[in-house]
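Working notes, structure below.
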Amino acid sequence: MMSASAVPRACQNVTRALERAPTRHRLLALAAAWLLSRALMLWLLAHNTRPLLGRGAVAREVWKLYHHWYLVLSQGAFPAHDTLWQYPPGAGVVLLSPALLPGLTYFQSFVVLTLAVDAVIAVALARAGTRRGRSLRGAGYWTLGLPLLLHVPLARYDVQVTAFAVLSLLALPRATRACGVFAGLGALVKVWPALALLGTPRGRTTRSSWTAAALTCAGAGLTLSLLFRNPLAFVRQQGGRGVQIESFGGTALSLATHAGWPGRVRYQYGALEFTGPHVHAVAQLSLALSAAALGLLVLWRVRARRWTEATPYDAALSAVLLFTVTSRVISPQYMIWLLGLSAVCLTSPRTTQRPVAALVALASLVSVIAYPTLYYEVAACTWTGCALMVTRNVLLGSAAVLSMARLWRSTKLVARRREPSTDAHRLPHGTPSPS
């Protein structure tokens, strides 16, 4: 059986082989790999009732929960009184999109559209990778990396959200306004794509992209508020979130149960969360760490002095990693975001994030073992479940620290060493040489 460390190494070997092949052959190989891997993901989704594939829980999110929200949204209102609804107004548009494919069930339409968006991401990465001075490693990473999460990506709308961030970053070198528009639309769906703009170069590029994002978000948000009732209901539900069992705080509490802590795991706000003594303190600590992460990112941007074509990509990945590891909730689908941003980084040979991308791939592999394969172990806080979460979170934490450190160093102004002036050793004009 292939070891965990061999997975990212295999991905790297494949992408290196692609780099050496002619462009046409590389693109054909990527297309074949995409088709084969997505066929496997579809097969897994079709058989997701098997014990090791989640006993149907993965697909249930779409045909039960998403479809329920679809019915409510179809009536012109957001599910204001549903504690599971914790998403910005733009998410409603994504959940209504399966109506574009009549003749299919909601579940079938959702999966087809998710695959279509997945293909758009792969094509965008491949197109960026074929430009002069760029690399197809990003397209290869996405093509081979997403299946590490098995069938989970096909039953969550995070592929669609990731597409906004990927397209935003890839548009930046050629169309700053388009970059801002994609980031603004993504932020209206799930907030975090706004972080794609963190690393834009100072000056006109930042003004143009940030203004476009703000206008897009405001305009689309106003339109949705006119079309649907209760557009801000998600704020109240999001504020009530506790500590999810897969988060860093949740892992600490899972370990604490073996030391006699009397807390319990309970399904609330759409996730398994801890209840009991000190849970609120852990949640507050997570929020404080998120605030500290924001402060660190602002400090980085203020002090950054050197920008390369890869800096915006690297900054986006660093930011999302920092907010992921400090969050009260780390759902399995969050890995989709990190895989997409890592892929964008790898389209540039000047990226500093190659080792970070390898850690993200490893963390994705461990995540899918935890959910859906052995989720009952994680929920029961067994030693096996704790070991899985510690391993995954150590990988994510290491990726976050390494990512920020490499980003910081790459944008730091390096002082040039002064060469000794030859003039200092010259004799005054007209002075005869001692020789």
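In this text, residue positions in the sequence shown follow this note's numbering: the first is 134, and each later residue adds one.
Just so you know, even glycine gets a beta-carbon here, dropped at the ideal spot from N, CA and C.
Residue i vs residue j beta-carbon contact at 9 Å
{"i": "P221", "j": "F367", "result": "yes"}
{"i": "L248", "j": "R188", "result": "no"}
{"i": "V195", "j": "V244", "result": "yes"}
{"i": "V298", "j": "A449", "result": "At residue 298 the sequence reads Ala, which differs from the Val that was named. Cβ atoms of A298 and A449: closer than 9 Å."}
{"i": "T459", "j": "A414", "result": "no"}
{"i": "G473", "j": "L198", "result": "no"}
{"i": "L495", "j": "L540", "result": "no"}
{"i": "G319", "j": "V285", "result": "no"}
{"i": "L471", "j": "L455", "result": "no"}
{"i": "R436", "j": "K323", "result": "no"}
{"i": "S451", "j": "A329", "result": "no"}
{"i": "R461", "j": "S500", "result": "no"}
{"i": "G530", "j": "R434", "result": "no"}
{"i": "A416", "j": "R374", "result": "yes"}
{"i": "M537", "j": "L418", "result": "no"}
{"i": "T356", "j": "T263", "result": "no"}
{"i": "R362", "j": "F211", "result": "yes"}
{"i": "L282", "j": "P465", "result": "yes"}
{"i": "E379", "j": "Y504", "result": "yes"}
{"i": "L246", "j": "L234", "result": "yes"}
{"i": "R335", "j": "W218", "result": "no"}
{"i": "T216", "j": "Q401", "result": "yes"}
Close Cβ partners of residue i (< 7 Å) along its chain, the five nearest in sequence each way excluded
{"i": "I502", "result": "L521"}
{"i": "A166", "result": "T276 and L277"}
{"i": "T555", "result": "Residue placement at T555 cannot be trusted, given a pLDDT of 47 that sits under 50; what the coordinates show is reported in the next sentence. Nothing listed; no residue qualifies."}
{"i": "T116", "result": "No answer is possible for residue 116: it lies beyond the span of the chain, which begins at 134 and ends at 568."}
{"i": "T390", "result": "G396 and C514"}
{"i": "P306", "result": "E442"}
{"i": "A213", "result": "N363 and A366"}
{"i": "V493", "result": "L471, L472, S475 and A532"}
Any non-hydrogen atom of the ligand NAD within 8 Å of residue i CB
{"i": "M174", "result": "No copy of the ligand NAD appears in this structure; indeed no ligand is present at all."}
Whole-number beta carbon distance between residue j and residue i, since they are thought to touch under 8 Å
{"i": "A272", "j": "L185", "result": "About 30 Å separates the two Cβ atoms, so there is no contact after all."}
{"i": "S497", "j": "M468", "result": "5 Å"}
{"i": "I254", "j": "Q377", "result": "With 8 Å as the limit, I254 and Q377 do not qualify as a contact, their Cβ atoms being about 27 Å apart."}
{"i": "L405", "j": "A476", "result": "Incorrect: roughly 30 Å between the Cβ atoms, too far for contact."}
{"i": "S301", "j": "P326", "result": "7 Å"}
{"i": "V489", "j": "L535", "result": "6 Å"}
{"i": "P353", "j": "G209", "result": "Before going on, a small fix: residue 353 reads as Ala here, not Pro. With 8 Å as the limit, A353 and G209 do not qualify as a contact, their Cβ atoms being about 17 Å apart."}
{"i": "T280", "j": "L178", "result": "With the sequence shown as reference, residue 280 is identified as Pro, and Thr is not the correct amino acid for it. Not a contact, Cβ separation roughly 12 Å."}
{"i": "G382", "j": "C350", "result": "So it is not a contact: roughly 30 Å between Cβ atoms."}
{"i": "V256", "j": "A296", "result": "Contact flag wrong, Cβ pair sits at about 11 Å."}
Own chain residues within Cβ distance below 8 Å of residue i, not counting five before or after
{"i": "W304", "result": "Sequence check: residue 304 is Ala here, not Trp. Answer for A304: A311, C312 and F315, listed in chain order."}
{"i": "V523", "result": "T384 and L388"}
{"i": "P565", "result": "At P565 the pLDDT is 44, less than 50, meaning the model places this residue with poor confidence; the figure from the coordinates comes in the next sentence. Around P565: no qualifying Cβ."}
{"i": "L206", "result": "P212, G225, L228, L229 and F361"}
{"i": "H180", "result": "L186"}
Residues near residue i in its chain [Cβ-Cβ closer than 6 Å; skip 5 each side]
{"i": "S543", "result": "T485"}
{"i": "P231", "result": "Y239, S242 and F243"}
{"i": "S358", "result": "P364"}
{"i": "E510", "result": "T517 and G518"}
{"i": "L175", "result": "none"}
{"i": "R260", "result": "none"}
{"i": "T641", "result": "Outside the shown range of the chain (134 to 568) lies residue 641, about which nothing can therefore be said."}
{"i": "A345", "result": "R310, G313 and V314"}
{"i": "T506", "result": "L185"}
{"i": "P567", "result": "At P567 the pLDDT is 40, less than 50, meaning the model places this residue with poor confidence; the figure from the coordinates comes in the next sentence. The answer is none, since no qualifying residue turns up."}
{"i": "R438", "result": "L546"}
Closer than 9 Å to chain B by CB, residue i
{"i": "R487", "result": "Structure shown: chain B not included; a single protein chain is present."}
Determine, using beta-carbon pairs with one atom in the segment 277-295 and one in the segment 222-230, whether at least three such pairs fall under 8 Å. yes
The segment 379-395 contacting the segment 406-414, beta-carbon criterion three pairs below 8 Å: yes
Start-end ranges of the beta strand (DSSP E) lying completely within the segment 392-444, minimum 3 residues: 397-401 and 404-408
Would you check if there are 3 or more beta carbon pairs closer than 8 Å linking the segment 250-269 to the segment 480-495? yes
Can you check the segment 468-497 for any beta strand (DSSP E) of at least 3 residues that lies completely inside it and give the ranges in chain order? none
If you scan the segment 279-312 from start to end, which runs of the alpha helix (DSSP H) of 4 or more residues do you find wholly inside it? 291-304
Inside the segment 150-188 only - alpha helix (DSSP H) runs reaching at least 4 residues: 156-179
Contiguous beta strand (DSSP E) assignments of at least 3 residues, all confined to the segment 221-276: none
4 or more residues per run - each alpha helix (DSSP H) lying fully within the segment 496-553: 508-512 and 516-543
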